[in-house]
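Written below as structure tokens is the structure these notes are about.
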Amino acid sequence: MFSSVPAEADKQQRQLRGVLQGLGLTPQTPVTVLSDVAAGPRTLGEAASEGPVSHVLDWFHLAMRIQHVAQCVKGWPDTTAEDRQIGAGVADSIEHIHWSLRYGQVRRALDLIGQTLSRLNIMAGMKSKTARVASKVMRALVALETYVAGLADLIIDYATARRCEEPFSTSPTEGAVQWLLHRRMAAQQQMRWSPRGAHLMLKVRTSIVNGTFDRDHAAAERCGRRPFRKAA
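Just so you know, the numbering used here puts 122 at position 110 of the sequence shown, and the rest follows in order with no gaps.
Spelled out as structure tokens, the structure:
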């Protein structure tokens, strides 16, 4: 694991490459970058790798987009039996879209989104309480459609990847980030950090996670006024 504050770190590429080489990276080793496809992680992954690089949209961020649509559907009116039936049908459609994407069936997911949007468009044009909610769900679903269509080539069969115990989500990484930042950067006990201070704090906490604290900081402080001494 490695971490840094970009404004203070000038060796991120070398740092990541060192981690990869420690895992056996060679110029022939294919590397898969699992991310939210933001430019930062993609560029860093490509620069640090020596061989072919491929990119995958992680399930964590895709699932959050689907969950947003599902949350909108939960606001569907339930005044009448007909309202409840229609709402259940829309929720079922979103669930089918969810599983299609879970299995990497992008074309089927986009078809289901298109069919659901057609039904919602009719309901949104009616003069009823349902129309307002239908319009809200439509906006969320259109956003999901745009997101999926734009990243279709980076969506994989996440269900199979999980069965094969292959990485398919950045949620473990998100958890590690939360641990590294800890409550000193959270809302309850938030402290003011300069970029330099945050960078050094992350270096210390990362070395603890990696089990290299003694070695890393004994070497770093050999020339310091107060040389590193291991606690009794």
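Cβ atoms here follow ideal geometry from the backbone N, Cα and C, with glycine treated the same way.
Buried or exposed: where does residue i fall if 16 or more other Cβ atoms within 10 Å of its Cβ makes it buried?
i: valine 85; result: buried
i: lysine 23; result: exposed
i: lysine 215; result: buried
i: serine 140; result: exposed
i: isoleucine 220; result: exposed
i: glycine 209; result: exposed
I'd like to know whether the C-beta atoms of residue i and residue j end up nearer to each other than 7 Å.
i: arginine 114; j: tyrosine 159; result: no
i: glycine 63; j: proline 39; result: yes
i: valine 149; j: leucine 132; result: yes
i: leucine 153; j: isoleucine 125; result: yes
i: valine 68; j: leucine 46; result: yes
i: valine 145; j: glycine 87; result: yes
i: serine 181; j: tryptophan 71; result: yes
i: alanine 59; j: glutamine 25; result: yes
In three-state DSSP terms, what is residue i?
i: serine 140; result: coil
i: valine 49; result: coil
i: valine 154; result: helix
i: threonine 128; result: helix
i: threonine 44; result: strand
i: proline 39; result: coil
i: threonine 249; result: Past the boundaries of the shown model lies residue 249; the chain is included only from 13 to 244, so the question cannot be answered.
i: phenylalanine 72; result: helix
i: glutamate 58; result: helix
Over the uninterrupted beta strand (DSSP E) stretch that includes residue i, give me the two end residues.
i: leucine 69; result: 65–69
Could you check where the alpha helix (DSSP H) with residue i kicks off and where it finishes?
i: tyrosine 101; result: Tyrosine is not the amino acid found at residue 101; the sequence shown has glycine there. Its alpha helix (DSSP H) spans residues 93–114.
i: glycine 30; result: 24–34
i: alanine 171; result: 170–175
For residue i, collect the residues of the same chain with a Cβ closer than 6 Å to its Cβ; drop the 5 residues on either side in sequence, then sort them by chain order.
i: threonine 7; result: Given that the chain is displayed from residue 13 to residue 244, the structure contains no residue 7 and the question cannot be resolved.
i: leucine 156; result: Arg77 and Val81
i: serine 105; result: Thr128
For chain B, find out if any of its Cβ atoms is closer than 7 Å to the Cβ of residue i; answer yes or no.
i: glycine 63; result: No chain B is part of this structure, which consists of one protein chain only.
Give every residue of the same chain whose Cβ lies closer than 8 Å to the Cβ of residue i, excluding the five residues on either side of it in the sequence, and list them in chain order.
i: glycine 137; result: Ala143
i: leucine 37; result: Arg29, Val43, Ser61, Glu62 and Gly63
i: serine 66; result: Pro42, Val43, Thr44 and Val45
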